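*Asks:* Here our numbering runs 25 ahead of the position in the sequence shown, where the first position is 1.
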Amino acid sequence: MSGCICLMICNRNEIYFEGNKAAVSEIENIYKEIKNIDINNLRQHSMRYENKAAIKHLYKVICGLDSAVLGEAEIIR
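1. Please return the same chain residues whose Cβ sits closer than 6 Å to the Cβ of Asn-54, not counting the five positions on each side in sequence.
2. Between the Cα of Asn-65 and the Cα atoms of Leu-32, Ser-50, Tyr-74, Ile-87, which residue gives the shortest distance?
3. Go through the segment 27–67 residue by residue and report every complete run of the beta strand (DSSP E) that reaches 3 residues or more, in order.
4. To the nearest angstrom, how far is the alpha carbon of Ala-48 from that of Met-26?
5. What does the alpha-carbon distance come out to for the pair Asn-61 and Gln-69?
6. So the candidates are Ser-71, Leu-90, Ile-87, Asn-76; which of them puts its Cα closest to the Cα of Phe-42?
7. In whole angstroms, give me the CA-to-CA distance for Val-86 and Ile-59.
8. Please state whether DSSP places Leu-90 in a helix, a strand or coil.
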(Lines of atoms letter the chains of each structure in order from A; the text may use other names.)
(Lines give C-alpha, C1' and ligand atoms only; values in the text may rest on other atoms or scores of the structure.)
Protein backbone atom coordinates (compact mmCIF):
# COMPACT_ATOMS: atom_id res chain seq x y z
CA MET A 26 0.00 0.00 0.00
CA SER A 27 1.50 3.30 -1.02
CA GLY A 28 -1.02 5.73 0.46
CA CYS A 29 -4.18 5.81 2.54
CA ILE A 30 -6.87 8.34 3.47
CA CYS A 31 -9.50 7.65 6.13
CA LEU A 32 -12.74 9.60 6.02
CA MET A 33 -14.78 9.11 9.18
CA ILE A 34 -17.95 11.13 9.49
CA CYS A 35 -21.18 10.71 11.42
CA ASN A 36 -22.78 7.91 9.43
CA ARG A 37 -19.87 6.31 7.57
CA ASN A 38 -16.25 5.31 7.63
CA GLU A 39 -14.46 5.29 4.30
CA ILE A 40 -10.94 4.23 3.50
CA TYR A 41 -9.28 5.23 0.24
CA PHE A 42 -5.93 3.69 -0.61
CA GLU A 43 -3.58 2.93 -3.43
CA GLY A 44 -2.29 -0.62 -3.48
CA ASN A 45 -2.77 -4.14 -4.72
CA LYS A 46 -5.39 -6.75 -3.82
CA ALA A 47 -3.35 -7.89 -0.80
CA ALA A 48 -3.78 -4.40 0.64
CA VAL A 49 -7.56 -4.99 0.86
CA SER A 50 -7.03 -7.83 3.35
CA GLU A 51 -4.50 -5.75 5.26
CA ILE A 52 -6.98 -2.86 5.58
CA GLU A 53 -9.78 -5.26 6.63
CA ASN A 54 -7.60 -6.79 9.35
CA ILE A 55 -6.55 -3.41 10.71
CA TYR A 56 -10.16 -2.20 10.74
CA LYS A 57 -11.26 -5.45 12.39
CA GLU A 58 -8.76 -4.92 15.21
CA ILE A 59 -9.58 -1.24 15.73
CA LYS A 60 -13.37 -1.63 15.64
CA ASN A 61 -13.53 -5.19 17.07
CA ILE A 62 -15.85 -6.28 14.26
CA ASP A 63 -16.36 -9.63 12.55
CA ILE A 64 -14.67 -9.61 9.14
CA ASN A 65 -17.66 -11.25 7.41
CA ASN A 66 -19.99 -8.65 8.90
CA LEU A 67 -17.63 -5.93 7.69
CA ARG A 68 -17.60 -7.34 4.16
CA GLN A 69 -21.38 -7.74 4.12
CA HIS A 70 -21.93 -4.06 4.99
CA SER A 71 -19.13 -2.58 2.90
CA MET A 72 -19.01 -1.15 -0.58
CA ARG A 73 -15.89 -1.39 -2.67
CA TYR A 74 -14.95 0.90 -5.53
CA GLU A 75 -11.85 0.69 -7.69
CA ASN A 76 -10.03 3.07 -9.99
CA LYS A 77 -12.22 5.81 -11.54
CA ALA A 78 -15.32 4.58 -9.71
CA ALA A 79 -13.56 5.23 -6.37
CA ILE A 80 -12.61 8.76 -7.41
CA LYS A 81 -16.15 9.46 -8.63
CA HIS A 82 -17.57 8.21 -5.32
CA LEU A 83 -15.16 10.39 -3.33
CA TYR A 84 -16.20 13.47 -5.31
CA LYS A 85 -19.87 12.69 -4.66
CA VAL A 86 -19.19 12.37 -0.93
CA ILE A 87 -17.20 15.59 -0.57
CA CYS A 88 -19.73 17.54 -2.65
CA GLY A 89 -22.60 16.31 -0.48
CA LEU A 90 -24.29 14.38 -3.30
CA ASP A 91 -23.94 11.07 -1.43
CA SER A 92 -24.73 12.07 2.14
CA ALA A 93 -27.59 11.71 4.59
CA VAL A 94 -28.53 15.33 3.85
CA LEU A 95 -28.28 16.19 0.15
CA GLY A 96 -25.81 19.02 -0.38
CA GLU A 97 -24.22 18.79 3.06
CA ALA A 98 -20.87 20.57 2.77
CA GLU A 99 -19.36 19.90 6.20
CA ILE A 100 -16.96 17.26 4.90
CA ILE A 101 -14.63 19.66 3.10
CA ARG A 102 -14.45 22.30 5.85
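Backbone N, C-alpha and C define an ideal beta-carbon position, used for all residues, glycine too.
The structure displayed is predicted, hence computed values, not measured ones.
*Replies:* Quick answer:
1. none
2. Ser-50
3. 28–34, 37–43
4. 6 Å
5. 15 Å
6. Asn-76
7. Their Cα atoms are separated by approximately 24 Å.
8. coil
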